[in-house]
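S.K.: Position in the sequence shown (first residue = 1) + 107 = the working numbering. Note that beta-carbon positions come from the ideal geometry of N, C-alpha and C, so glycine has one too. Predicted, not measured: the structure shown is a model, and the values here were computed from it.
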Amino acid sequence: MTEIGGPTTQAGIRYQDRVAALYLGRMMDPRERPSRERPVEVRIETPDYVDDFVVRLDDGSQRYFQVKLSLQRQGETWKSLWLALYRQLTSGLSPDDRLALVLGEPSQLASDLKALTERTDGADLEEWLERLTTRQRDIKSSIGQVIGVSDSELLLLFNRLDLSIWPSKELERDYVPLWMPSANVPLVRLFDVLAGIAWAGSETRCRFEGAALHDQLRSEWEITIAAPPSWGLETYRAAIVALARIEVPGTDFQQVPDADFLWPRCLRYDRDRRADFDDDLPGWRDFSAAEEVDLRDFPGIDLRAVVVVAGPGFGKSTVVNAIACRTALAGLVPAIISVTKLSDSNLTIAEYLERVINPDFDVKVDWRAAAATGALILLVDGLDEVSSDRRTLVLERFKVYRAAHPGVRWMMTVRDAAALASPDGATMIELAPLRDTDVSQYVAFYRPGELGIAEALLERIESRTDLAHLTRIPIFLSLMLVMRLEGADLRRSDLLDTYIETLFHPAVFKSIESETIDVALLRSVAERAAYDALEADSIGVTNQLFARSVNRIEPTLSADRVREALIRRGVLRRSGLIRLSFPFPIVQEYLASAELLKQSTEKLVQRLGMISKRPWAQAVQFALERHLDPVPFVNHILGVEDDVFHTGLRLLGRCLANGMPASPSQREEIGRRLALIWGGSSWRANKLINGIIVDAFSRPLHGAIRARLGEHRLLYEGSGTIVALNQDAELTLSVLRELLTDDIEHLLNIGELQGEVDRIGTKSFELYIERCKQVTAVEADADSISCLIGHMKIGSIDCDLAHAAANDETLPPHVRLAAWSKSGRKLDDTMTGLVIECIKAEGFHPNASAAQALSSPTVDALTVVQTLGSAEIEVAKAEKILDYLISDWRDEGCPDRVQELLSVEGFSGPLRDLALLYSIGFGNLKALDCLVDRIEELSAELLSATVLQLGHAPERNRVERIVKAIAGRTWSAEDRVSITHAFSTGLTYRVKMIGLRSGTLEPIPFHPGRSAPHELLRTWLAQSDYSVVDHLRIIMDSVRLGVAGASKGLRSALDAALDAGAGDDCNDSSLVGRALEMLHANGEELSADELEQLAKTSSYNLATSAVALISARGTQAEANTLMRLYEEVNSKMLQSMILSYLEPLASRLALRVTRKGHRLSVVSI
């Protein structure tokens, strides 16, 4: 920091930071004070004329601070000070803004300057001058001469200037007790920490506000701020914790969300994702990888505002209660606001907190102070549970509250993301369906201490695929566990019926008030209302339509009484003033199917034409699954022309998987047709067809499906899964023989079939060896066989047989090594010679076999070091082998072998550096520090690889050290691009290495060092020696890392790359495609014509991105464009992708698309 108008000394810098720390402390202090005295934001080292720091107060005004340890009336520094103050005055201050000068040493000059400011009070120019002493007039004249203004201008300056004399030696004694809030550490300790934070923030012109500073103190220093006892927070927090109960509707189960709470898996919300009947429930099958978000990081630096999207039953309110409980225990102040109660109260949010929550809990929380200090966590639950007009009012009041308290962290829950536009700065996430790995955790939570339950439940789910989808929703899985249904012979319909029965007969589980309306009649009304709502193409039912439904069932019943009875049971819930909703859309569809089943065959046949349109799709599907005689309906669907997406055939297959009865001939025909299109449809349809075939035709195995199990291209489309599910050794060996027939050059991995191949181990191994010895075998065959043997589990093959194959000189060397690695033998001279031979050979497969041999548990670390250090092996080749070797260790679950390697005496140089890099991913942060200590000498490649590992160490200081070292060196354009990419990746993901330049990525919470390289990257962005593609690349990586202003050059860089032909190159087109998507995310999307042209003329990767962005617009025009593109492009892969994007769009628009040859035609449903 540079002192204007005073000596630049460490003491002066320290004094500035300590004065700023006082304001940071006051900002965190929740004690009551006027809004004009409560700081809500402190900016350090601002770009203003008066630039030490700027404080924004709760009344909206600002104070511009210049801080001087000492001040002398002479020299350039004196002149600079007054010029800065005057320029700030004339730069456009608001009427309530003030200038502030703080002096740290009392002196006569300081006293006179203070008098100059104080004597302006209520005075005009003449009065002011009369009040001044001779010495003070001299000082005034000196200042006037410095800045060249009249006395009247000086009066304006001193009238807006507050001068304070705070002796630096007395700050801790006299000011800290008044300015620091109560905390769990001594006030002086808090003051020192805040001064250090101010010093660190000065280098990056940091902006501090209460919430972020609250988090920083808690996470980095374990400091929590205490509230005044008068608030009653101890009582309030205890009540929040006590009320945070997890319940299962219709049962007496209750549990506290303690350390064992099942935090849901969350994904960043994709507005383009749409459900259809294939999904059974939204989100069951993921069609693309999505970035996961950990809700345990809320509230945090990277999760300050969150919108949680999920349907009923996914546990949104449970999550809200769990977060309220956790934040209360962490010393924060959570406030749960039910949107329904807020709307009914007709209060603003501030009024609701004061007039409803405080009396409800019998406390006196100062909510405005809690918001200003960053302690308040606002949890708004159930936005779409009120009518649209009242929801609009709630959102407007929420917007006003956020404007008044911009630093407040908040979360909002909503069933339908369409209920709101994403608020500025909010992260929209959706609660994801459960996975198999979650089941055991649910069992431990809902059935603690009971053994074998998870295994039994998973076996039940696996054997009854119709349950698999439904049990991915938390409410249904918890219901199964609480009601002990894991051993029952259930279908999906049974589970839904069980759930609905708990709603209609709550007296079985808890005491309720007596009811005079017959339960059977209530259910009939619910089924009719559900059906009538579908007739209106609506999820949910209006009060008016509900009354008509009641009248159709029993005209003498009061619609109001029936409605209240269903609401009390949870069958219906109010959704605003005029609408009612069912617990889940699938419940409505299931109830509607009961009404469908009452109708004539002719009427039901009419509904079959609507199977590609939700909400009818699920209702028709349930009707078919529950119908006593669905044969005529199945015949009808089989007898009409299907659409291009095979919608009808897929529906029938899914119904079969869910237990629909069908004749043997129908089952045979459906399986035959599915077998014909297996692997030959669009990417999206293929994924769904694969699931249907696995679910419906694996056991018993359909003949037409069996006939195709040996096709290479279907191995990853479900055939391997089918063989693995059957666990039939004869079938496995037969399919394996078929796979090994003819060309096996690309048969390097057998996916889910691997476990079954390992199960019958030795026989599989014999087939591999037999194939390798065929007269027709070529070099590529040996490569594949070495890979296939390498994938086999150690211990699955007879050791003597493996050893015999290893010593069979008629086999290629790398096949022999692959066999030896499964033999459990010690490395002898013969095998050592083979290892050296395969290391020296060119090509991946010999090298990989050598690495696998060295990865054997029988080979010690010293032997590895000696082998790779052999004079016969080049260093570059040794690095490659070590790369493969460590990957093998990791795959085998032996990361500790890397540490053994690092412990070998004399292991040094590039090989050691590579081992250090890998060990970081295994938790060895000392290895990272070892590399950081040498950062100034590392090559660009090794430095980039080191930076990639920063996600394993979420600390800012280490990043700053690296940035400083990098900034002190000269780099080529290519190096700068590589290092920027490393920062962009390493500070946003946890990278698990697969080589120096690649790895698997796991999203991480906000890295404290993410902003550390920003200034360096801004400097690099300004350089002009990049190729057009590298220029685009470095801009994109800077945007991802959040470098301010980086996105401004994105469009021009994209255009330059396209002009240079990047769209035609396979690798570059992928980059350009991501740039297109980035522009779209930033609201700078290309026109429809530009996207269509790119889709027509670019290589596959860019064309695919263009197609995705076209479909995202979601209108009939885009559907027409996609159909036109399908007919005009020549690439089969691109046509498949176009169909994948067209299908959900057509379903949303109620379009039926058919294909005649190469042309598509469409009709409205």
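Residues in the same chain with beta-carbon distance under 7 Å from Gly-868, minus the five sequence neighbours each way, listed in chain order, please.
M.R.: Met-899, Ser-903 and Ile-904
S.K.: Along the chain, which unbroken stretches of the beta strand (DSSP E) at least 3 residues long are found entirely within the stretch 193 to 267?
M.R.: Listed in chain order, the beta strand (DSSP E) runs fully inside the stretch 193 to 267 are 205 to 210, counting runs of at least 3 residues.
S.K.: Which residue spans inside the stretch 927 to 1003 form an unbroken alpha helix (DSSP H) run of at least 4?
M.R.: 936 to 947, 951 to 961, 968 to 975 and 982 to 998
S.K.: Would you check if the distance between the CB atom of Leu-454 and the CB atom of Val-446 is smaller than 8 Å?
M.R.: With a cutoff of 8 Å on beta-carbon distance, Leu-454 and Val-446 are scored as not near each other.
S.K.: CB-CB under 7 Å to Gly-817, same chain, minus the five flanking residues each way: which ones, in chain order?
M.R.: Val-842, Glu-845 and Leu-846
S.K.: Which residues in the same chain as Leu-91 place their Cβ atom closer than 7 Å to its Cβ, once the five residues preceding and following it in sequence are excluded?
M.R.: Since the first residue shown for the chain is 108 and the last is 1272, residue 91 is missing from the structure and cannot be characterised.
S.K.: Whether or not the stretch 169 to 178 and the stretch 221 to 238 are in contact is what I'm after, with contact meaning three or more pairs of Cβ atoms, one per stretch, closer than 8 Å; do they touch?
M.R.: The stretch 221 to 238, when compared against the stretch 169 to 178, does not touch it at the 8 Å Cβ threshold.
S.K.: Please report the residue range of the alpha helix (DSSP H) in which Pro-146 lies.
M.R.: From DSSP, Pro-146 is part of no alpha helix (DSSP H) but of the beta strand (DSSP E) over 146 to 151.
S.K.: For a test of the three-state rule: what should DSSP assign to Phe-360, helix, strand or coil?
M.R.: coil
S.K.: Could you compute how far the alpha carbon of Pro-1261 sits from the alpha carbon of Glu-566?
M.R.: Inspection of the sequence shows that residue 1261 is occupied by Thr rather than by Pro. If you take the alpha carbons of Thr-1261 and Glu-566, they lie about 40 Å apart.
S.K.: If you draw a straight line from the C-alpha of Phe-394 to the C-alpha of Glu-981, how long is it?
M.R.: For Phe-394, the pLDDT reaches just 32, beneath the cut-off of 50, and the residue's location in the model is therefore unreliable, leaving the point undetermined.
S.K.: What do you get for Asp-936, buried or exposed, if any count of 16 or more other CB atoms within 10 angstroms of its CB means buried?
M.R.: exposed
S.K.: Please report the residue range of the beta strand (DSSP E) in which Thr-1261 lies.
M.R.: 1258 to 1263
S.K.: Which value, in whole angstroms, describes the spacing of the CA atoms of Gly-112 and Gln-181?
M.R.: Note that Gly-112 has pLDDT 40, beneath the 50 cutoff, so the model's placement of it is unreliable and the number below is only indicative. Cα-Cα distance, rounded: 9 Å.
S.K.: Output the distance between the C-alpha atoms of Asp-385 and His-612, rounded to the nearest integer angstrom.
M.R.: At Asp-385, the pLDDT of 39 sits below 50, so the modelled position is not reliable and the matter cannot be decided from this model.
S.K.: Thinking just about the alpha-carbon of each residue, which of Ile-829, Leu-374, Thr-754 and Leu-1023 is nearest to the one in Arg-780?
M.R.: Closest option to Arg-780, Cα to Cα, is Thr-754.
S.K.: Determine the direct distance from the alpha carbon of Pro-371 to that of Asp-543, and round the result to whole angstroms.
M.R.: Going by the C-alpha atoms only, they are around 13 Å apart.
S.K.: Identify whether Gly-119 lies in helix, strand or coil by the three-state DSSP scheme.
M.R.: helix
S.K.: Buried or exposed: which applies to Asp-387, given that a residue is buried once 16 or more other Cβ atoms fall within 10 Å of its Cβ?
M.R.: With a pLDDT of only 38 at Asp-387, under the threshold of 50, the placement of this residue in the model should not be trusted; the figure read from the coordinates follows. It is buried - the Cβ of Asp-387 has at least 16 other Cβ atoms within 10 Å.
S.K.: So what does DSSP say about Thr-1228, is it helix, strand or coil?
M.R.: helix
S.K.: Does the pairing of the stretch 846 to 855 with the stretch 803 to 821 give three or more beta-carbon distances under 8 Å?
M.R.: Short answer: they touch.
S.K.: For Asp-269, which residues does DSSP report across the bridge?
M.R.: Ala-207
S.K.: Have a look at the DSSP bridge pairing and note the partners of Thr-520.
M.R.: Val-415
S.K.: Is DSSP giving Ser-142 helix, strand or coil here?
M.R.: Residue state, collapsed to three classes: helix.
S.K.: In whole angstroms, give me the CA-to-CA distance for Ser-930 and Cys-906.
M.R.: 4 Å
S.K.: By a C-beta neighbour count over all protein chains shown, 10 Å radius and 16 as the cutoff for buried, is Glu-152 buried or exposed?
M.R.: buried
S.K.: Work out the CA separation of Met-938 and Ser-893 for me, nearest whole Å.
M.R.: 15 Å
S.K.: With 16 other CB atoms within 10 Å as the buried threshold, where does Cys-879 fall?
M.R.: With a 10 Å radius around the Cβ and a threshold of 16 neighbouring Cβ atoms, Cys-879 comes out buried.
S.K.: What is the residue span of the alpha helix (DSSP H) that Pro-807 lies within?
M.R.: Looking at the DSSP string, Pro-807 is not in any alpha helix (DSSP H), and its letter there is neither H nor E.
S.K.: Is Val-657 near the ligand FMN - that is, is its Cβ less than 7 Å away from at least one heavy atom of it?
M.R.: Here there are no bound small molecules, and the ligand FMN is not part of this structure.
S.K.: Where does Leu-592 fall in DSSP's three states?
M.R.: coil
S.K.: May I have the straight-line CA-CA distance separating Pro-513 from Ala-318, to the nearest angstrom?
M.R.: 10 Å
S.K.: Quick check on DSSP: helix, strand or coil for Pro-1251?
M.R.: helix
S.K.: Grab me the residues of Leu-711's own chain with a C-beta within less than 7 Å of its C-beta, minus the 5 sequence neighbours each way, in chain order.
M.R.: Leu-703, Ala-730 and Phe-740
S.K.: Are the Cβ atoms of Ser-177 and Glu-212 separated by less than 8 Å?
M.R.: yes
S.K.: Of the residues Asp-990, Ile-988, Asp-159 and Asn-1031, which one's Cα is nearest the Cα of Asp-1003?
M.R.: Asn-1031
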